[in-house]
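Peer 1:
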Amino acid sequence: MIRFLCSWLCGLLAALFSAGSAFAFEIGPVSLVLPRDNPVGVFHVANNSPASISIEMLGYRWHQQDGRDFYEEEPALIITPPLFTLAPGERRLVRAGIMEAGDWGEEETAFRVLARDISPLDTSSGLRVRLQMLLPVFLEAASDKSALSLALSPRGDGALCLHARNEGNIHEKLLWLKAPSGARLMMQQYYLPGAAARECVPWNGDGAEAPFQAALISAGDTSPRFYDLVPGDDARRLVHK
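For the sequence shown, the residue numbers in mature numbering (1 follows the signal peptide of the UniProt record, and there is no 0) are -24 to -1, 1 to 217.
1) Excluding the five sequence neighbours on either side, which residues of its own chain have a C-beta within less than 8 Å of the C-beta of residue 228, listed in chain order?
2) Sort out for me which residues DSSP pairs K154 with in a bridge.
3) Assuming A171 and Q40 are in contact, meaning their beta carbons sit under 8 Å apart, how far apart are those beta carbons, in whole angstroms?
4) Once the 5 residues before and after T56 are set aside, which same chain residues still bring their CB inside 6 Å of it?
5) Mind checking which residues open and close the beta strand (DSSP E) that includes T61?
6) Around the C-beta of M109, are 16 or more other C-beta atoms found within 10 angstroms, so that it is buried, or is it exposed?
7) Roughly how many angstroms separate the alpha carbons of F(-2) and L34, rounded to a whole number?
8) If we ignore side chains and look at the alpha-carbon of each, how far apart do G4 and H20 end up?
9) Within 10 Å of its beta-carbon, does E185 have 16 or more other beta-carbons around it, so buried, or fewer, so exposed?
10) Check whether the Cβ atoms of I31 and A91 lie closer than 8 Å to each other.
11) Beta carbon of residue 220, beta carbon of A117: below 8 Å?
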């Protein structure tokens, strides 16, 4: 069994993918929530490049510890087909399903699908970047309970830290944290059930008495929820369901 930590490289490759390069493959949706009574979902994969592309898709169990993401190969997450080649302009469906969904307990279980380009490199026309994405897949909880605590605290070295603790049984996603000036300081952070994390960003003290705004979304939400946070205040427990 392989266990690894997703480094900054994963984020870099995902950013290259999302930039919409002409040679990139495309996948949608970018995440799946699988119902417990029929835990199967579908990804739509398209090749918009002028050349054939081979894609491999692998399933992993997703854990968080000390604010970091860890992944383990997960044979119970079945990808069909796991390996395929698309001609230019070709599209296809790829199914992702969980075996024995009832064996995973009552809370939401998190997985990720690694989709990566494994085509032979051809650098005759210049640099070619191999693209890959880590796509979240969630097996839904038996009954949703959202309970996320957030707090902002200034640090002595001039940083501002966001402390998060997920005491619910479903994931929460921070879409962004916005300063009173309107600047977005943090974006696209997942907090899995039972996880705690801290992220710090440079801060000059502007807006110390004014509320920052956090935008969150969780399983079952059709639109973001917005919460005000003031640096130095006690943690705010955001119970949604």
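C-beta: ideal position from N, C-alpha, C; glycine also.
Peer 2: Taking the structure as given:
1) Any answer about residue 228 is impossible in this case: the structure gives the chain only from -24 up to 217.
2) R160, Q189
3) 4 Å
4) R71
5) 59 to 62
6) buried
7) Only weak support exists for where F(-2) lies, its pLDDT of 46 falling under 50; the coordinates are left without a value.
8) 5 Å
9) exposed
10) yes
11) Any answer about residue 220 is impossible in this case: the structure gives the chain only from -24 up to 217.
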